[in-house]
Amino acid sequence: MPRYASFLVLALVALALAVVPSGGRLIDVAGTAVAFAFFAAVGYGGVRLWARYRDEIESLSPRLRLVLYGSLALAAWALAAAGRLLAAGGGGLLLWLMLLALACYGLVWVWTRYRTLS
Numbered sequence: 004m005p006r007y008a009s010f011l012v013l014a015l016v017a018l019a020l021a022v023v024p025s026g027g028r029l030i031d032v033a034g035t036a037v038a039f040a041f042f043a044a045v046g047y048g049g050v051r052l053w054a055r056y057r058d059e060i061e062s063l064s065p066r067l068r069l070v071l072y073g074s075l076a077l078a079a080w081a082l083a084a085a086g087r088l089l090a091a092g093g094g095g096l097l098l099w100l101m102l103l104a105l106a107c108y109g110l111v112w113v114w115t116r117y118r119t120l121s
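Residue numbering for the sequence shown follows the numbering used here, beginning at 4 and increasing consecutively.
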């Protein structure tokens with residue numbers, strides 16, 4: 004029963020935001036706050052992972068570290084540019100997906116090289 008009650012409360016809040024005259028702006032603010040919290044959590048997790056595995060990262064060859072940091076920077080840039088790329092239409096979407104795929108490929112490439120070297 005508590006699940007249904009939580010869903011009901013959420014549905015009522017959503018309905019109230021949709022009906023209130025400036026509800027659309029409130030929803031935009033809430034969406035921006037959730038996105039900001041998500042990216043802050045991802046950044047915090049990244050810093051924690053870097054602190055935990057700092058010795059392993061520093062023991063990588065300069066080439067592997069370059070690919071690792073470059074892939075992370077490319078992923079961050081692609082996420083930051085998502086609004087403009089996705090608004091550009093199909094070509095922008097394709098470019099955005101290719102950038103993210105390239106960043107993921109770089110991370111997997113570094114991981115596999117690290118696992119074979121250790």
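We put the CB at the ideal spot given by N, CA and C, even for glycine. Nothing here was measured: the structure is a model prediction, and the numbers come from that model.
Query raised in the report: Taking buried to mean at least 16 other C-beta atoms within 10 Å of its own C-beta, is residue 69 buried or exposed?
Result: exposed
Query raised in the report: CB residue 33 to CB residue 77, shorter than 8 angstroms?
Result: no
**Report entry** Buried versus exposed, by CB contacts within 10 Å (16 or more), residue 109
**Finding:** buried
Query raised in the report: According to DSSP, is residue 94 helix, strand or coil?
Result: helix
Query raised in the report: Near residue 98, what residues of its chain come up, given a Cβ to Cβ distance below 7 angstroms and the 5 sequence neighbours on each side ignored?
Result: 88
Requested in this report: Within 10 angstroms of the Cβ of residue 15, are there 16 or more other Cβ atoms? Answer buried if so, exposed if not.
Outcome: exposed
Query raised in the report: Helix, strand or coil for residue 47 per DSSP?
Result: helix
Query - Same chain, Cβ closer than 7 angstroms to residue 85, neighbours up to 5 away in sequence not counted - result: 99
Report task. Return the CA-CA distance between residue 53 and residue 11, expressed in angstroms with no decimal places. Result -> 41 angstroms
Query raised in the report: With DSSP run on the structure shown, which of helix, strand or coil describes residue 56?
Result: coil
Query raised in the report: What separation, rounded to the nearest whole angstrom, lies between the Cα atoms of residue 24 and residue 31?
Result: 13 angstroms
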